[in-house]
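In case it helps, my numbering puts the sequence shown at residues 25 to 558. Glycine residues also receive a C-beta, built at the ideal position from the N, C-alpha and C atoms. No experiment lies behind these values; they were computed from the predicted model shown. Below you'll find the structure, written out as structure tokens, and then a few comments.
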Amino acid sequence: MECTAKDKADAGRTYPVLDRFEVARHPTARLPLYRDWADGLGVNDGGFTIGTLLESTIIHANGCKPAPRLLNQRPWGLDRLEQIFRANDEYRLMELFLFHFRLRGTTLEQIFLGTRAFGTIEPRNLEVVLSTDFQDWSLGPRRKVMFPFFGDGIFTQEGDQWKRSRDLLRPQFLHRQYEDLGVFRQSIDDLFSVLPDGGVIDLQPYFFQLTLDVTTAFLFGDSVNSLRNKMQGGQADFAASFNLAQDYVAKRMRLQDLYWLVGGRGFQKACDTVHDFADQIIKKNLMRDRTMEQESHQYVFLDSLAKHCPDPTELRSQIINILVAGRDTTACLITWTFFLLLRHANVLEKLKAEISTTLNGRTDFSRSELKNMPFLQNVLKEVLRLYPSVPVNSRVATKTTVLPVGGGPDLQSPVLIPKGAAVAYSVYAMHRRPDLYGLDAELFRPERWTEHMPLNEDPVNAKWGYLPFNGGPRICLGMDFGLTEAAFTVVRLIQRYPNMKLPATEKVELVGVEKQTMTLVLSSTNGCKVDLGS
Ligand code: HEM
Numbered sequence: 025m026e027c028t029a030k031d032k033a034d035a036g037r038t039y040p041v042l043d044r045f046e047v048a049r050h051p052t053a054r055l056p057l058y059r060d061w062a063d064g065l066g067v068n069d070g071g072f073t074i075g076t077l078l079e080s081t082i083i084h085a086n087g088c089k090p091a092p093r094l095l096n097q098r099p100w101g102l103d104r105l106e107q108i109f110r111a112n113d114e115y116r117l118m119e120l121f122l123f124h125f126r127l128r129g130t131t132l133e134q135i136f137l138g139t140r141a142f143g144t145i146e147p148r149n150l151e152v153v154l155s156t157d158f159q160d161w162s163l164g165p166r167r168k169v170m171f172p173f174f175g176d177g178i179f180t181q182e183g184d185q186w187k188r189s190r191d192l193l194r195p196q197f198l199h200r201q202y203e204d205l206g207v208f209r210q211s212i213d214d215l216f217s218v219l220p221d222g223g224v225i226d227l228q229p230y231f232f233q234l235t236l237d238v239t240t241a242f243l244f245g246d247s248v249n250s251l252r253n254k255m256q257g258g259q260a261d262f263a264a265s266f267n268l269a270q271d272y273v274a275k276r277m278r279l280q281d282l283y284w285l286v287g288g289r290g291f292q293k294a295c296d297t298v299h300d301f302a303d304q305i306i307k308k309n310l311m312r313d314r315t316m317e318q319e320s321h322q323y324v325f326l327d328s329l330a331k332h333c334p335d336p337t338e339l340r341s342q343i344i345n346i347l348v349a350g351r352d353t354t355a356c357l358i359t360w361t362f363f364l365l366l367r368h369a370n371v372l373e374k375l376k377a378e379i380s381t382t383l384n385g386r387t388d389f390s391r392s393e394l395k396n397m398p399f400l401q402n403v404l405k406e407v408l409r410l411y412p413s414v415p416v417n418s419r420v421a422t423k424t425t426v427l428p429v430g431g432g433p434d435l436q437s438p439v440l441i442p443k444g445a446a447v448a449y450s451v452y453a454m455h456r457r458p459d460l461y462g463l464d465a466e467l468f469r470p471e472r473w474t475e476h477m478p479l480n481e482d483p484v485n486a487k488w489g490y491l492p493f494n495g496g497p498r499i500c501l502g503m504d505f506g507l508t509e510a511a512f513t514v515v516r517l518i519q520r521y522p523n524m525k526l527p528a529t530e531k532v533e534l535v536g537v538e539k540q541t542m543t544l545v546l547s548s549t550n551g552c553k554v555d556l557g558s
């Protein structure tokens, strides 16, 4: 899918930065797009094996054709890894992936570290991978990569074990558990007590503390109160080790099967610190007699989970899995929301007006009042379109199978995926497709969600072309919790600082051109500086 010069001009966006990648300068990158599609599928074939017979049968039965290939300049696809590390060092990894899809098509094949791998941003293919053929796809090396930190929890499990965890955890996320927003209120008050009345500050680190406090309050019934207390001793070690262990996991994830190159004592120490601290909090909270406490009516995730999960190691793993899943994802959503609102004064004004008309200054609003603010909901939807907290993900084929589209000269033929091949998908790139979201797909415009969009002309695209929370049986369990937490924080901050604005020293760049840091989630490298007004 390529944009013509006119399309780009129409969308008010050019892509000058993309040309800086070496791949774009290399002569092979400029060859006609599907030059090599006729090379056939035998790239790695060592001979006439059972595998190739099976593959030929599937190819003929389904009319499969090869997907366009990203050409390599070095053996074993080592240049791919070099590009990834370089783009990451330059804080624009997402731009590299976006560029690859724009260069070759919405489904592509590449050699990555000597093995065939695929990429797709095609809703029809995602429907098959994440839902219709769910059982034919695994998480690949994820379990081995994450296990030292995550242990045996919903994120690292598959098959029956995963199903059991999912059944165990699902009921804990019913929204009636936080309908009154009580679990968010204490932490936002703590945030207000540490923020100055005016002046310029970076909100991003505060949002990471806020979501740590909220998520621990929800899970343990007792927040680690990182905002309220200056963290000391074990608590500070926990927070630092929690971040460090996640950084290790993110680096291991990038290396896929070579994950073991990153780790060692530093990683193990960080994991041990997090596990010891989590064990202590769990023990302390399970021993507490809540019947005498003021908050005895409050729902506590841990108490409820412990009834069905007597093994302390499993209990700790599940809790850590949810802490990781819920904390950074929501912190990033809140950060990018303010990042964009501050750069789009017209949107901020419209949102302020909705908040003021709906609540008239009240701060004791409920979850359903937040849900009844359509512009607020569309702002969050639009932020997650442009900055999905989990921007790339992958699955591995457990048997030789087929993706419905992406092959052949017109990119409409099915594509054969051999057993063991990885398929990476970038929702960041999919959410920026002009043929799904319109020529202004790269602009931040919450109003688009109330207008006609090409996305909605096809029911499969409408369902699988917007996936910030993933889809199918493994869809995010904390979707409503995260959206409610973000909406609550946005409203309370705007009420508290109605005159907030972008500091005069801050850059206003095209959306997506700013520096981005990719760990397990996508955050803003230069934070989110705000002038809180007076
Ligand atoms: C804006 C906020 C959030 C976003 C964008 C988000 C996104 C996602 C995504 C993309 C996945 C799928 C990962 C995969 O299968 O590869 C996921 C899974 C999950 N999320 Fe979230 N999440 C958010 C907030 C939360 C919160 C607040 C919690 C809990 C407190 C949570 C709990 C989970 C759990 C338990 C899973 C695993 C589901 C499974 O594998 O069956 N998430 N989330």
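Cβ-heavy atom distance, residue i to ligand 1, below 7 Å
{"i": "Phe244", "result": "no"}
{"i": "Ser211", "result": "no"}
{"i": "Arg24", "result": "A question about residue 24 goes unanswered here, because the residues of the chain that appear run from 25 up to 558."}
{"i": "Pro195", "result": "no"}
{"i": "Thr144", "result": "no"}
{"i": "Ile518", "result": "no"}
{"i": "Leu357", "result": "yes"}
{"i": "Cys500", "result": "yes"}
{"i": "Leu408", "result": "yes"}
{"i": "Val515", "result": "no"}
{"i": "Asn402", "result": "no"}
{"i": "Val248", "result": "no"}
{"i": "Ile344", "result": "no"}
{"i": "Ala5", "result": "As displayed, the chain neither begins before 25 nor continues past 558, which places residue 5 out of reach and without an answer."}
{"i": "Ser162", "result": "no"}
{"i": "Val298", "result": "no"}
{"i": "Val561", "result": "No information on residue 561 is available, as it lies outside the stretch 25 to 558 that the chain covers here."}
{"i": "Pro229", "result": "no"}
{"i": "Val414", "result": "yes"}
{"i": "Met503", "result": "yes"}
{"i": "Pro492", "result": "yes"}
{"i": "Thr353", "result": "yes"}
{"i": "Arg276", "result": "no"}
{"i": "Arg457", "result": "no"}
{"i": "Gly557", "result": "no"}
Counted within 10 angstroms of its Cβ, other Cβ atoms place residue i as buried (16 or more) or exposed
{"i": "Arg200", "result": "exposed"}
{"i": "Ser413", "result": "buried"}
{"i": "Met8", "result": "The structure shown does not extend to residue 8, since the chain is modelled only from 25 to 558, so the question has no answer here."}
{"i": "Ser217", "result": "exposed"}
{"i": "Leu154", "result": "buried"}
{"i": "Asn253", "result": "exposed"}
{"i": "Ala528", "result": "exposed"}
{"i": "Pro51", "result": "Caution is warranted here: a pLDDT of 32 is assigned to Pro51, below 50, making its placement in the model unreliable, and the coordinate value is therefore given only provisionally. Pro51 should be labelled exposed."}
{"i": "Met542", "result": "buried"}
{"i": "Thr180", "result": "buried"}
{"i": "Ile212", "result": "buried"}
{"i": "Met311", "result": "exposed"}
{"i": "Ser392", "result": "exposed"}
{"i": "His84", "result": "exposed"}
{"i": "Gln196", "result": "buried"}
{"i": "Phe158", "result": "exposed"}
Where residue i sits in the DSSP three-state scheme
{"i": "Ala528", "result": "coil"}
{"i": "Asp327", "result": "helix"}
{"i": "Gln436", "result": "coil"}
{"i": "Lys553", "result": "strand"}
{"i": "Gln97", "result": "coil"}
{"i": "Val540", "result": "It is Gln, not Val, that sits at residue 540 in the sequence shown. Gln540 falls in the strand class under three-state DSSP."}
{"i": "Gly430", "result": "strand"}
{"i": "Asp388", "result": "coil"}
{"i": "Phe142", "result": "strand"}
{"i": "Ser450", "result": "strand"}
{"i": "Thr425", "result": "strand"}
{"i": "Gln233", "result": "helix"}
{"i": "Ser418", "result": "strand"}
{"i": "Ser548", "result": "strand"}
{"i": "Ile343", "result": "helix"}
{"i": "Thr130", "result": "coil"}
{"i": "Ile499", "result": "coil"}
{"i": "Phe136", "result": "strand"}
#### Entry: Residue ranges of each alpha helix (DSSP H) within the segment 242-283, 4 or longer
Entirely contained in the segment 242-283, the alpha helix (DSSP H) runs reaching 4 residues are, in chain order, 257-279.
### Uninterrupted alpha helix (DSSP H) stretches inside the segment 150-231 (no shorter than 4 residues)
Here the runs fully enclosed are 166-174, 183-193, 206-218.
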